[in-house]
Amino acid sequence: MKKTILSLVALSVLGMSSTVTAGEYETGQASFQWIGTVPAKTEASTGYQIVQSGSVGFNEGVMTFVNDTSGVKLTNANTIGFKVMDDDTGTNALKYKAELTSIKVGANDFATEQEDDGYFAVLADGEKLEIGAEITKEANANVTMLTIAAKSEDATADLEANESVVVQALLAVTPEA
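Numbered according to mature numbering (1 follows the signal peptide of the UniProt record, and there is no 0), the sequence shown spans residues -22 to -1, 1 to 155.
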């Protein structure tokens, strides 16, 4: 009987301490996401390949946002690099032109074409690209580094807390002889 009473007292005390400490912290949350894109079909006979340059894969870029009283703003985004190589050996760099053909944005849904006045800009080697803009790379310096930024420093994104955001940049790449 004494053991039963002592056990009940011990359990009651433990219950009270967990109730007291439970009020000290507010509930928080963390977001986890996985995003993937099926690449365009690669034909074996194209004569070239578009390959990753750097540690971030074509579908692995991460964006960081801040959400405060001034609004939602993009604060950082990974840089994704690519280069064009000869398909025969995979080691000979090729000269190429690349044109930004599309910027798609999605929040908790399908990514759709960004409006002309949209928030996001694509940067190639630190320079903003407009749709239809073309860059040229020589074979001896053929790495292009892409990232995402806000179109202007004071802009705020039309996004809400906890939305999962994806930005896709589509470039048409044309190797040159």
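Glycine residues also receive a C-beta, built at the ideal position from the N, C-alpha and C atoms. Please read these numbers as outputs of a predicted model, since none were measured by experiment.
Residue i at chain B interface by Cβ criterion, 8 Å
i	result
Ser48	Looking at the structure shown, chain B is missing, and only one protein chain is on hand.
Beta-carbon proximity list for residue i, same chain, < 6 Å, skipping 5 on both sides
i	result
Thr79	Leu148, Ala150
Ala127	Ala99, Leu101
Buried versus exposed, by CB contacts within 10 Å (16 or more), residue i
i	result
Gly104	exposed
Ala155	exposed
Val40	exposed
Thr69	exposed
Thr122	buried
N-terminal and C-terminal residue of the beta strand (DSSP E) that residue i is part of
i	result
Thr24	Where Thr24 is concerned, there is no enclosing beta strand (DSSP E), given that its DSSP letter is neither H nor E.
Ile81	73 to 85
Gln146	143 to 154
Glu105	105 to 107
Ala139	Run containing Ala139: none; DSSP gives neither H nor E here.
Ala55	49 to 55
Glu112	112 to 115
Proximity winner among the options, relative to residue i (alpha-carbon distances)
i	options	result
Lys51	Ile109, Lys129, Gly32, Asp95	Lys129
Val143	Tyr74, Val83, Ala117	Val83
Ala119	Leu72, Thr53, Gln30	Leu72
Ala133	Gly96, Asp65, Tyr26	Gly96
Gln27	Gly49, Asp66, Gly110	Asp66
Ser33	Ala139, Leu124, Glu108	Leu124
Gly49	Pro153, Thr152, Glu138	Glu138
Glu108	Val121, Ile81, Lys115	Ile81
Beta-carbon contacts of residue i that lie in its chain and below 8 Å, excluding the five residues immediately before and after
i	result
Tyr3	none
Glu38	Asn56, Ile58
Gly35	Ile58
Spatial neighbours of residue i in its chain, beta-carbon cut-off 7 Å, leaving aside the 5 residues before and after
i	result
Ala117	Ala71, Leu72, Lys73
Val29	Phe60, Lys61, Met63
- Message: Does the segment 83 to 92 come into contact with the segment 39 to 54, if we say contact requires no fewer than three beta-carbon pairs (one atom in each stretch) closer than 8 Å?
- Response: Output reads no: the segment 39 to 54 does not touch the segment 83 to 92.
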